[in-house]
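According to full-length UniProt numbering, the sequence shown is numbered sequentially starting from 1.
Using N, Cα and C, we set each Cβ at its ideal position, and we do this for glycine too.
To keep things clear, I will list the structure first and then write my remarks on it.
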Amino acid sequence: MRSTDLAELGGYFRDAGCRGWVHACPVQAAASEGGGAGRGSASEVALDADDRLPVASVYKLGVAAVWADLVDRGALDPVARLRLDPADRTPGPTGVAALDDPVEMSARDVVRLMLTLSDNAAADHVLDLLGGPARVTEVLAGWGVDLVVRHGSRGTQEAAQADTGTEDHDAVMRALADIHRDVRTSQYDAALASSASPRGLTTLLSMLWRGEIAPGEGGAHVRASLARQVWPHRLRAGFPHDDVEVAGKTGTLGVLRHEVGVVTFPGEVPVAVAVLTRSARPEAHLPVVDAAIGRAAAAAVRPLRRQDARRDQSPGAERGTG
Numbered sequence: 001m002r003s004t005d006l007a008e009l010g011g012y013f014r015d016a017g018c019r020g021w022v023h024a025c026p027v028q029a030a031a032s033e034g035g036g037a038g039r040g041s042a043s044e045v046a047l048d049a050d051d052r053l054p055v056a057s058v059y060k061l062g063v064a065a066v067w068a069d070l071v072d073r074g075a076l077d078p079v080a081r082l083r084l085d086p087a088d089r090t091p092g093p094t095g096v097a098a099l100d101d102p103v104e105m106s107a108r109d110v111v112r113l114m115l116t117l118s119d120n121a122a123a124d125h126v127l128d129l130l131g132g133p134a135r136v137t138e139v140l141a142g143w144g145v146d147l148v149v150r151h152g153s154r155g156t157q158e159a160a161q162a163d164t165g166t167e168d169h170d171a172v173m174r175a176l177a178d179i180h181r182d183v184r185t186s187q188y189d190a191a192l193a194s195s196a197s198p199r200g201l202t203t204l205l206s207m208l209w210r211g212e213i214a215p216g217e218g219g220a221h222v223r224a225s226l227a228r229q230v231w232p233h234r235l236r237a238g239f240p241h242d243d244v245e246v247a248g249k250t251g252t253l254g255v256l257r258h259e260v261g262v263v264t265f266p267g268e269v270p271v272a273v274a275v276l277t278r279s280a281r282p283e284a285h286l287p288v289v290d291a292a293i294g295r296a297a298a299a300a301v302r303p304l305r306r307q308d309a310r311r312d313q314s315p316g317a318e319r320g321t322g
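Listed below in structure tokens is the structure:
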């Protein structure tokens, strides 16, 4: 991507009143090493792609990848029954986290809720199943993935409550969205929150799509779940076409609005893209920032599009993932 194009990319964020960080690369080529502000090449688009940032709920992608790899190694049963009791569940606005009564379902359905709805209760249950944040981070580091899971959704909420002097999830969200006060939280600090670089996130997505990790049904389940995510206002907004698949995971906390995912055009190599933002204003609803994420993703993916040579192979040959 030319420097003039990168300037245009940055312009989307400035116009929306936020700062943005971007990395995009075809999943068939590993993300390259290093790179500072505004660096790009034929194989990637990078805007401050190596900066470490707090990722909010995007950490759930790492949890899902580790779960899937253990399933495909035979270490976890994807249909094992899990019981999520109200007394032990992390609060949240979606999925099991928003329910009142005990729920029992398969492990893979819990993972699906964690990804499609960003269910906090589901995410913490899976994280506990895997041995906790330190174990998940250790596995990710062993894969060479720059993603640190500092704690789960409950840990994030408890830290934010302590920082804001609030007592529950809804009160935290209101405090962080208060336009009359400068309300901060340690969860905006990459050293204290779950964190990653945009390049680290596209590296993980690329490995998952190439089958380098979780090469069986576990990986397929995670990819399919990401493709079913219900939120259409960020990455998907940049690709408003019925025949383009966008498999993504959002992350939102106060001034942080992110989405990472894989975009697949028909017959083309899938492209992994990560767009992370931090807004100047604290409101809970900033559609101009959500729209900027979609525009930036579209601009980053555009120069990386290319035909998937595997589509030209004879019938029965391996098909491109997507």
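If we count the other Cβ atoms within 10 Å of its Cβ and call it buried at 16 or more, is residue i buried or exposed?
i: Gln187; result: buried
i: Glu55; result: Strictly speaking, residue 55 in this sequence is Val, with Glu absent from that position. Buried is the call here.
i: His151; result: buried
i: Glu138; result: exposed
i: Ala309; result: exposed
i: Pro240; result: exposed
i: Tyr12; result: buried
i: Asp290; result: buried
i: Val27; result: buried
i: Gly62; result: buried
i: Glu158; result: exposed
Short check: CB of residue i to CB of residue j, under 7 Å?
i: Asp119; j: Leu113; result: yes
i: Ala262; j: Leu205; result: Note that residue 262 corresponds to Val in the displayed sequence, not to Ala. Cβ atoms of Val262 and Leu205: closer than 7 Å.
i: Val110; j: Ala64; result: no
i: Asp168; j: Thr185; result: no
i: Gly97; j: Ala121; result: Residue 97 is actually Ala in this sequence, not Gly. Their beta carbons are under 7 Å apart, which means Ala97 touches Ala121 by this criterion.
i: Ala107; j: Pro78; result: yes
i: Leu9; j: Leu47; result: yes
i: Gly76; j: His125; result: For the record, residue 76 in the displayed sequence is Leu; it is not Gly. Their beta carbons are not under 7 Å apart, which means Leu76 does not touch His125 by this criterion.
i: Glu259; j: Thr252; result: no
i: Gly254; j: Leu130; result: no
i: Ala49; j: Arg199; result: yes
i: Gly219; j: Leu226; result: no
i: Ser153; j: Ala123; result: yes
i: Val145; j: Thr203; result: yes
i: Gly294; j: Asp72; result: no
Residue i by DSSP, collapsed to three states: which one?
i: Ser264; result: Checking the sequence shown, residue 264 turns out to be Thr, not Ser. Here Thr264 sits in strand by DSSP.
i: Val258; result: Here residue 258 turns out to be His, not Val, going by the sequence shown. Looking at His258 - three-state DSSP - the assignment turns out to be strand.
i: Gly131; result: coil
i: Gln187; result: helix
i: Glu44; result: strand
i: Thr164; result: helix
i: Ala7; result: helix
i: Leu192; result: coil
i: Gln28; result: coil
i: Ser106; result: strand
i: Arg302; result: helix
i: Val126; result: helix
i: Arg150; result: coil
i: Ala87; result: helix
i: Leu113; result: helix
i: Leu286; result: coil
i: Leu99; result: coil
Rounding to the nearest angstrom, what Cα-Cα distance links residue i and residue j in this structure?
i: Arg210; j: Val273; result: 15 Å
i: Arg223; j: Val148; result: 21 Å
i: Gly238; j: Val246; result: 10 Å
i: Asp51; j: Ala193; result: 14 Å
i: Ala299; j: Arg14; result: 15 Å
i: Glu266; j: Val45; result: Glu is not the amino acid found at residue 266; the sequence shown has Pro there. C-alpha separation (whole angstroms): 21 Å.
i: residue 331; j: Ala297; result: Limits of the chain in this structure are 1 at one end and 322 at the other, which puts residue 331 out of reach.
i: Gln161; j: Thr264; result: 39 Å
i: Glu104; j: Ala80; result: 10 Å
i: Asp242; j: Leu117; result: 21 Å
i: Arg305; j: Ile179; result: 41 Å
i: His23; j: Leu140; result: 19 Å
i: Gly17; j: Ser279; result: 6 Å
i: Val288; j: Ile213; result: 36 Å
i: residue 332; j: Gln307; result: There is no way to answer for residue 332, as the model of the chain reaches only from 1 to 322.
i: Leu115; j: Ala7; result: 32 Å
i: Gly20; j: Thr277; result: 4 Å
i: Arg135; j: Pro303; result: 37 Å
i: Leu256; j: Pro270; result: 26 Å
i: Ser41; j: Ser57; result: At Ser41, the pLDDT of 44 sits below 50, so the modelled position is not reliable; the number obtained from the coordinates is stated separately. Using only the alpha carbons, I get a separation of about 29 Å.
i: Thr94; j: Ala171; result: 16 Å
i: Val183; j: Val275; result: 24 Å
i: Ser43; j: Cys25; result: 6 Å
Per DSSP, residue i forms a beta bridge with which residues?
i: Arg181; result: BP columns for Arg181 are empty, so no partner.
i: His241; result: For His241, which the question treats as bridged, DSSP gives no partner whatsoever.
i: Gly248; result: Gly261
i: Gly20; result: Thr277
i: Val208; result: The amino acid at residue 208 is misidentified as Val; the sequence shows Leu. Beta-bridge pairing links Leu208 to no other residue.
i: Pro54; result: Ser195
i: Leu82; result: Met105
i: Ala272; result: Cys25, Val262
i: Gln157; result: DSSP output for Gln157 lists no bridge partner at all.
i: Gln307; result: Glu268
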